[in-house]
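Let me begin by presenting the structure, written as structure tokens, before commenting on it.
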Amino acid sequence: MGQSLAVTVLLKALALSLAPVCPKALRHVEAVSGYKYKYILLALALVQYKYSWGICTLEMHGATALQLRLAHAHAHATTIDTSSSFLSLNTSYIQSLGFFSGFKLATFFWQNTSRVEAPKSAPIDIMAHPSPQPELKPSFCFSTVQLRDFLRISRSSIDDSITQNLNALLTPASGGFDPSSTSFRTPRPSNSRRMPQTSCQNFKNQVLFPSWQMRSDVLNYCASVATSPDPDDPESVLRQVESEKDRERIVDERLDPYSSRFYPRETRTERLAELVRQERGVENIVRARSWGLVGERCGEDYRRWDEALNDWRKGREGKE
């Protein structure tokens, strides 16, 4: 009784999982839930509606990589009826169909599927792409919101997700999942996650270094804006008024020891220079972390990140 209930619950859970792609699966499970060959009837029902659903596929990626696939080769089973005639269904007839020959519930769930061998190095089109360079003009730099947003988005898409970007370059395993591999612990080799040198070099030359260079160009441009005269500063008149008021103030330190202190309003070029200084410090930290992770996955590089970036710049200038 307990085993029958467990099978029924399993079938209902499986049908609910298949409901988005196989809407009629749940109805057939309810119709045959009292029969002896419940799981077989469910599978036949799924095959029966293969042409209206397409190939029903359930993939739950996890420790067991549950896979249920109804292949096109078994289309001859689509004429089977799931009505009351199944009451007389016996095992010999099931095996005569060829679809369930040697059928076992475990092998039905954990069935190895053939995989297409992936290329040795990941194609370039799956790599992350650097953020587009903004239009460089003084108003972009003085708008600290736009400047900070550009730096934040660029770092989050490349450096903050550096591990995910590197994982995307790894080719998938060529073999299927082996359920027996979970029965014992196997130490992972230290170089099991090493990436091919071709993929690493392509990622650095086409994604990582261009993103760093773009952020450096933006910060360098804004630094030059911060050190240039700013005749269009909208706060210049306000600062002049404050300076005039300061000169008219009466300073008497006996009555107010702080009366001699005057804190003039910062110019926007001074605020921009401070922001650029802070962001350059952040860049050094972010790039050092990213370069360390790249070294772990691609092999240690004797160069520091700034030396590697300079070598990339020289190589690009030589090609131009």
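Heads up: the sequence shown runs through residues -19 to -1, 1 to 301, numbered per mature numbering (1 follows the signal peptide of the UniProt record, and there is no 0).
Cβ atoms here follow ideal geometry from the backbone N, Cα and C, with glycine treated the same way.
In this text, all values refer to a predicted model and were calculated from it rather than measured experimentally.
Item: Nearest residue (CA-CA) to residue 141, options 180, 127, 166 and 189; Value: 189
Item: Cβ-based burial, residue 297 [other Cβ within 10 Å; buried from 16]; Value: exposed
Item: Environment of residue 129 [buried if 16+ CB atoms lie within 10 Å]; Value: exposed
Item: Residue 255 (DSSP reduced to helix, strand or coil); Value: helix
Item: is_contact[residue 111, chain C] using C-beta, thresh 8 Å; Value: Looking at the structure shown, chain C is missing, and only one protein chain is on hand.
Item: DSSP state of residue 248 mapped onto helix, strand, coil; Value: coil
Item: Status (buried if at least 16 other CB within 10 Å, exposed otherwise) for residue 146; Value: buried
Item: Where residue 266 falls, given that 16 or more other Cβ within 10 Å makes a residue buried; Value: exposed
Item: Distance, residue 113 Cα to residue 270 Cα; Value: 23 Å
Item: Beta-carbon spacing of residue 126, residue 207 below 8 Å; Value: no
Item: First through last residue of the alpha helix (DSSP H) which encompasses residue 288; Value: 286 to 300
Item: Endpoints, alpha helix (DSSP H) assigned at residue 195; Value: 190 to 207
Item: Residue interval of the alpha helix (DSSP H) (run including residue 132); Value: 125 to 139
Item: Span of the alpha helix (DSSP H) around residue 114; Value: From DSSP, residue 114 is part of no alpha helix (DSSP H); its letter is neither H nor E.
Item: Assigned secondary structure, residue 149 (DSSP; H/G/I helix, E/B strand, else coil); Value: coil
Item: Residue 280, DSSP secondary structure in three states; Value: coil
Item: Residue range of the unbroken alpha helix (DSSP H) whose run includes residue 179; Value: 178 to 184
Item: Per-residue DSSP class, three states only, for residue 166; Value: coil
Item: Reduced DSSP secondary structure (H/G/I, E/B, other) of residue 160; Value: helix
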